[in-house]
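Its first residue numbered 15, the sequence shown is counted upward by one per residue in our numbering.
Ideal placement from N, C-alpha and C gives every residue a C-beta, glycine not left out.
Report on the following structure.
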Amino acid sequence: MGTAQPAEAVILKTQAELAIMREAGRIVARAHQAMRDAVRPGISTAELDCIAETVLRDHGATPVFKGYPKVNAKPFPASITASINEELVHGIPSEKRILHEGDLISLDCGCSYQGFVGDSAFSMAVGEASPAVQRLLTVAEQALDEAIRRAVIGNETAGLADATQRFVEQHGYSVARDYTGHGVGREMHEPPEVPNWWPKNARKRGWTSVPLQAGMTIAIEPMVIAGRPDLKELADGWTVVSKDRSLCAHFEHTVAVTEDGPVVLTVL
Ligand code: MG
Ligand code: MG
Numbered sequence: 015m016g017t018a019q020p021a022e023a024v025i026l027k028t029q030a031e032l033a034i035m036r037e038a039g040r041i042v043a044r045a046h047q048a049m050r051d052a053v054r055p056g057i058s059t060a061e062l063d064c065i066a067e068t069v070l071r072d073h074g075a076t077p078v079f080k081g082y083p084k085v086n087a088k089p090f091p092a093s094i095t096a097s098i099n100e101e102l103v104h105g106i107p108s109e110k111r112i113l114h115e116g117d118l119i120s121l122d123c124g125c126s127y128q129g130f131v132g133d134s135a136f137s138m139a140v141g142e143a144s145p146a147v148q149r150l151l152t153v154a155e156q157a158l159d160e161a162i163r164r165a166v167i168g169n170e171t172a173g174l175a176d177a178t179q180r181f182v183e184q185h186g187y188s189v190a191r192d193y194t195g196h197g198v199g200r201e202m203h204e205p206p207e208v209p210n211w212w213p214k215n216a217r218k219r220g221w222t223s224v225p226l227q228a229g230m231t232i233a234i235e236p237m238v239i240a241g242r243p244d245l246k247e248l249a250d251g252w253t254v255v256s257k258d259r260s261l262c263a264h265f266e267h268t269v270a271v272t273e274d275g276p277v278v279l280t281v282l
């Protein structure tokens, strides 16, 4: 969510705060696991939303997507975003959206636990994946891994963006240009922005590359489009789709930058 803009002050986390964020991340991972187990032809995205929200609340966490405000749209009505095939991000769960064999589904979920947020997304095939779906899933997940292993002291957000872009484009796909990762902490969206793409004129555009420091917590989230990078928002004010209707995938983890390297917080 968001576009690349000048950076404001980054909020570094203490060890104690990182420990809470690890718990928040674990709860999100549990919600992911429950959804992954439930994805099958015939299930609706509203049912997946219900499954995820139940896991969050059962663990003392609250969904952070629900009620999320947006200019010119109704607040987001659900605990997850569920985006199918050509939908990249921010799909609204619905009883009418039924998954079919061979679909590609992207599920994003965030929670707040003891005052701190975990934010993570994954994509998967419904039933058997076609070779096209499987290849896109593999490349998009690897793009996230490529960025995560560069989340080290001495690197900058531009380094993550550049690595993500190069990896994705080498495989013949596009990265989303107008949607970025972000700092995470007490709020789901904190400085800095963590772009997936770094144009040659980035600085002219007013983009700032932020040095990574110990105690930074960032959501790294490559959004990969099988075709051209152009996107559009649907009339619901939320759902973002590829203009050429090509398949999209989205993987995200909340990651802490530490003296010992990157630590992924949104895993079991
Ligand atoms: Mg997310
Ligand atoms: Mg995010």
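Continuous beta strand (DSSP E) stretch holding residue i: start and end
i, result
"Val131", "130-139"
"Ala216", "No beta strand (DSSP E) contains Ala216, which DSSP labels as neither H nor E."
"Gly195", "195-197"
Beta-carbon spacing of residue i, residue j below 8 Å
i, j, result
"Asp258", "Gly241", "yes"
"Ser58", "Ile98", "no"
"Leu261", "Glu100", "yes"
"Phe181", "Glu207", "no"
"Val254", "Val140", "no"
"Glu266", "Ala233", "yes"
"Asp176", "Trp221", "no"
"Gly173", "Arg164", "yes"
"Pro243", "Ser188", "yes"
Heavy atom of ligand 1 within 7 Å of residue i beta-carbon
i, result
"Ala135", "yes"
"Ala143", "no"
beta-carbon residue i near ligand 2 non-hydrogen atom, thresh 7 Å
i, result
"Ala30", "no"
"His196", "yes"
"Ala233", "yes"
"Glu155", "no"
"Glu348", "This structure does not reach residue 348, given that the chain is present from 15 up to 282, and the question cannot be answered."
"Glu266", "yes"
Residue i Cβ short of 7 Å to ligand 4 heavy atom set
i, result
"Asp122", "Judged by which ligands are present, ligand 4 is missing from the structure shown, whose ligands are ligand 1 and ligand 2."
Where the alpha helix (DSSP H) through residue i begins and ends
i, result
"Thr152", "145-162"
"Ile57", "Counting along the chain, Ile57 falls outside any alpha helix (DSSP H), and DSSP gives it neither H nor E."
Identity of the residue in the options nearest residue i by Cα
i, options, result
"His264", "Ala52, Thr178, Ala165", "Thr178"
"Pro77", "Lys214, Asp133, Val24, Leu282", "Asp133"
"Pro236", "Tyr193, Pro107, Pro205", "Tyr193"
"Ala75", "Glu183, Glu109, Ala190, Gly124", "Gly124"
| How about the segment 48-64 and the segment 91-103: do they share at least three Cβ pairs that are nearer than 8 Å? | yes
| Cβ pair count under 8 Å reaching 3, the segment 66-80 against the segment 150-166 | no
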